[in-house]
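If you read the sequences in order, they're chains B and V. Note that the working numbering has the first sequence beginning at 2, numbered continuously upward. Note that the working numbering has the second sequence beginning at 493, numbered continuously upward. Structure first, commentary second.
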Amino acid sequence: QKEVEQDPGPLSVPEGAIVSLNCTYSNSAFQYFMWYRQYSRKGPELLMYTYSSGNKEDGRFTAQVDKSSKYISLFIRDSQPSDSATYLCAMSANNLFFGTGTRLTVIP
Amino acid sequence: GAGVSQSPRYKVAKRGQDVALRCDPISGHVSLFWYQQALGQGPEFLTYFQNEAQLDKSGLPSDRFFAERPEGSVSTLKIQRTQQEDSAVYLCASSLVGGSGTEAFFGQGTRLTVV
């Protein structure tokens, strides 16, 4: 079993939809939780970073962490075609572990 | 520049050739990470430096892989006697603080193709 599990998708939604992306993990030592966005042929770009359980909002993006269930989510409101990318969850204790990424396409 | 810089962006190597990949982290960043990303997969951890000290190299797939950061800034990932399975994007990331790699910023990556 991988340390971080993420549904690879692909996920296609119409413009304006709410997108929900999720990851589960097995290592209770993980303390920091991140979401990265990766465009084709680019490096991952940090979107959201959280430490504790709960919600964190930044514009159209909301990150949610539930440590008791070992489950994290990223919600994208009013999705735009420019949001089309691969979204990677990541979490760390001493090193940074990534999910496989979910490929999202927002259709105009 | 302000971000993490990697060179070359693309590298084609013949099987058996040695390659060296360079990473210039963000100035002042203590931690530096190398990752390998296969097509359609998430980045897989290779190794981690805190300043010049290589604190974790548990992800290096074989003894053909070697990384160094002699002055605590620029890092080089070297792959000896490249094999086809080494073909991947190699990503470098740096973060300001030591330890857990929080808020790590990535470079564009070096796409290595072994033919």
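Glycine is no exception: its CB is placed at the ideal position from the N, C-alpha and C atoms.
Helix, strand or coil at residue i [DSSP, three-state]
i: P15 of chain B; result: strand
i: D555 of chain V; result: coil
i: S523 of chain V; result: strand
i: D84 of chain B; result: helix
i: E577 of chain V; result: helix
i: T101 of chain B; result: coil
i: E595 of chain V; result: coil
i: V504 of chain V; result: strand
i: Y40 of chain B; result: coil
i: S27 of chain B; result: coil
i: I674 of chain V; result: Outside the modelled stretch of chain V, which goes from 493 to 607, sits residue 674 of chain V, for which no answer is possible.
Residues that residue i contacts on chain V, provided the C-beta gap is smaller than 9 Å
i: L47 of chain B; result: E595, A596, F597 and F598
i: N96 of chain B; result: F525, F537, Y540, D548, S550, G551, S592 and G593
8 Å CB neighbourhood of residue i in its chain, flanking five on each side removed
i: Q39 of chain B; result: P45, E46, A86, T87, Y88, L89 and G102
i: G17 of chain B; result: D79 and S80
Contact set between residue i and chain V, taken where Cβ atoms lie within less than 7 Å
i: N23 of chain B; result: Those do not exist, as N23 of chain B stays about 14 Å from chain V at its closest Cβ, beyond 7 Å.
i: K57 of chain B; result: Simply none; closest approach about 13 Å.
Own chain partners of residue i with C-beta closer than 7 Å, once the 5 adjacent residues on each side are dropped
i: P15 of chain B; result: I108
i: G508 of chain V; result: R573 and T574
i: N543 of chain V; result: V522 and G564
i: T539 of chain V; result: W526, Q546, D548, K549, G551, L552 and A559
i: Y52 of chain B; result: Q32 and Y33
Contact check, residue i vs residue j, beta carbons under 8 Å
i: L583 of chain V; j: G564 of chain V; result: no
i: N28 of chain B; j: E6 of chain B; result: no
i: D84 of chain B; j: I77 of chain B; result: yes
i: F541 of chain V; j: L524 of chain V; result: yes
i: F597 of chain V; j: I518 of chain V; result: yes
Chain-order list of residues whose beta-carbon lies under 6 Å from that of residue i (same chain, five-residue window excluded)
i: S499 of chain V; result: R514
i: V606 of chain V; result: A505, R507, T574, Q576, D578 and S579
i: T106 of chain B; result: S13 and S85
Under 8 Å from the C-beta of residue i: neighbouring residues of chain V
i: L89 of chain B; result: G534 and P535
DSSP beta-bridge partners of residue i
i: G55 of chain B; result: B:V66
i: D548 of chain V; result: V:Y540
7 Å Cβ cut-off: residues of chain B touching residue i
i: G601 of chain V; result: G44
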